[in-house]
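Its first residue numbered 1, the sequence shown is counted upward by one per residue in the UniProt record's numbering. Yeah, the Cβ is synthetic: ideal placement off N, Cα and C, and Gly gets one too. No experiment lies behind these values; they were computed from the predicted model shown.
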Amino acid sequence: MLARAMANEAGLPFFYCSGSDFVEVYAGRGAGRVRKLFQRAAKVAPAVVFFDEIDALGKSRGNEMSMNEEREQTLNQLLAVMDGFNTDNGVVVMAATNRYDVLDKALTRPGRFDRIVKVDLPKKEGRYQILKVHTRKMALDETVDLQTIAALAENFSGAELSHLANEAAIIAVRNQRKELNMNDFFDALDEFRDSRKRDTNSATKGFMDMLKNLN
Numbered sequence: 001m002l003a004r005a006m007a008n009e010a011g012l013p014f015f016y017c018s019g020s021d022f023v024e025v026y027a028g029r030g031a032g033r034v035r036k037l038f039q040r041a042a043k044v045a046p047a048v049v050f051f052d053e054i055d056a057l058g059k060s061r062g063n064e065m066s067m068n069e070e071r072e073q074t075l076n077q078l079l080a081v082m083d084g085f086n087t088d089n090g091v092v093v094m095a096a097t098n099r100y101d102v103l104d105k106a107l108t109r110p111g112r113f114d115r116i117v118k119v120d121l122p123k124k125e126g127r128y129q130i131l132k133v134h135t136r137k138m139a140l141d142e143t144v145d146l147q148t149i150a151a152l153a154e155n156f157s158g159a160e161l162s163h164l165a166n167e168a169a170i171i172a173v174r175n176q177r178k179e180l181n182m183n184d185f186f187d188a189l190d191e192f193r194d195s196r197k198r199d200t201n202s203a204t205k206g207f208m209d210m211l212k213n214l215n
């Protein structure tokens, strides 16, 4: 959202992509997508290219368990293209990740992603403002209190708050109601927390299984 806002403020074309868009494709396709993306941006420069979840593409090549030949080829293509682009070309490249610690060091060398900006999770007022944005086109009944929801959604990111609002809307539709009520948000919060718990348990089990295999 921050990168898109900056591009909009400057009146520049904005090219959004997710790191996962470049993995799990046929051999050579990921690298080709990278080249085409930068070619499109160069044609309309000045422009902003934004990679969300860059860690899906740019994990450290020293970690053999997380890197395959196709992903390495795609990452190498990204590095090569970035070396050929700079602000003088009119193409600004930005990326976001929740796992800076797993990024390949080559990505953060000078001339590539060499400026790091840490964006903390929003505080209560920030969460409230984000919820207002994501519910502004939704029909809310008089029971909905976004301040209370913001207080309950502690440690939620902006993307998670967007997902929360969408999930509440789905629950309302599932119950054949045009308006969302407070219980829809409570149910969405419960579902989200259950999902987080399952993800944590799954990650813990996977880690323990890996340790057992090392023995």
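*In terms of residue numbering, what span does the alpha helix (DSSP H) encompassing Tyr100 cover?*
Residue mapping note: residue 100 aligns to position 100 of the sequence shown, counting from 1. In this chain, Tyr100 is not harboured by any alpha helix (DSSP H), its DSSP state being neither H nor E.
*In terms of residues, what are the limits of the alpha helix (DSSP H) holding Ser162?*
Taking the sequence shown and counting its residues from 1, the one referred to as residue 162 is at position 162. Counting along the chain, the alpha helix (DSSP H) containing Ser162 begins and ends at 158 to 174.
*Within its chain, find whatever has a CB closer than 6 Å to the CB of Ala172; leave out the 5 residues flanking it on each side and keep chain order.*
Walking along the sequence shown from the start, residue 172 turns up at place 172. Hits under 6 Å: Leu180, Asp184.
*If you run the structure through DSSP and keep just helix, strand and coil, what is Met65?*
Residue numbering aside, residue 65 sits at position 65 when the sequence shown is read from its first letter. Annotation note: pLDDT 46 at Met65 (below 50); position unreliable, no value reported.
_From the DSSP secondary-structure annotation, give me the bridge partner or partners of Glu178._
Taking the first residue of the sequence shown as 1, we reach residue 178 at position 178. This sequence places Lys at residue 178; Glu is not what is there. Answer is none; Lys178 lacks a bridge partner.
*Are the C-beta of Arg35 and some C-beta of chain B separated by less than 8 Å?*
Judged by its chain identifiers, the structure shown contains no chain B, having just a single protein chain.
*Please report the Cβ distance between Ala42 and Val91, rounded to the nearest whole angstrom; I am assuming they are in contact, meaning their Cβ atoms lie under 8 Å.*
Residue numbering aside, residue 42 sits at position 42 when the sequence shown is read from its first letter. Residue numbering aside, residue 91 sits at position 91 when the sequence shown is read from its first letter. Your pair Ala42 and Val91 checks out as a contact, with CB atoms roughly 6 Å apart and the cut at 8 Å.
_Bridge partner(s) assigned by DSSP for Met94_ = Residue 94 sits at position 94 when you count from the first residue of the sequence shown. Met94 is bridged to Phe50.
*Roughly how many whole angstroms lie between the Cα atoms of Glu125 and Gly32?*
Looking up residue 125 in the sequence shown gives position 125. Looking up residue 32 in the sequence shown gives position 32. When rounded, the distance between both Cα atoms is 43 Å.
*Rounded to a whole number of angstroms, what is the C-alpha to C-alpha distance between Gly111 and Phe192?*
Numbered from 1 along the sequence shown, position 111 holds the residue referred to as residue 111. Numbered from 1 along the sequence shown, position 192 holds the residue referred to as residue 192. Cα to Cα, Gly111 sits roughly 39 Å from Phe192.
*What do you reckon, are the CB atoms on Ala7 and Ile54 nearer than 8 Å?*
In the sequence shown, the residue the question calls residue 7 occupies position 7. In the sequence shown, the residue the question calls residue 54 occupies position 54. Against a cut-off of 8 Å, the Cβ pair of Ile54 and Ala7 comes out as no contact.
*Ser20 by DSSP, collapsed to three states: which one?*
Taking the sequence shown and counting its residues from 1, one reaches residue 20 at position 20. Helix at Ser20.
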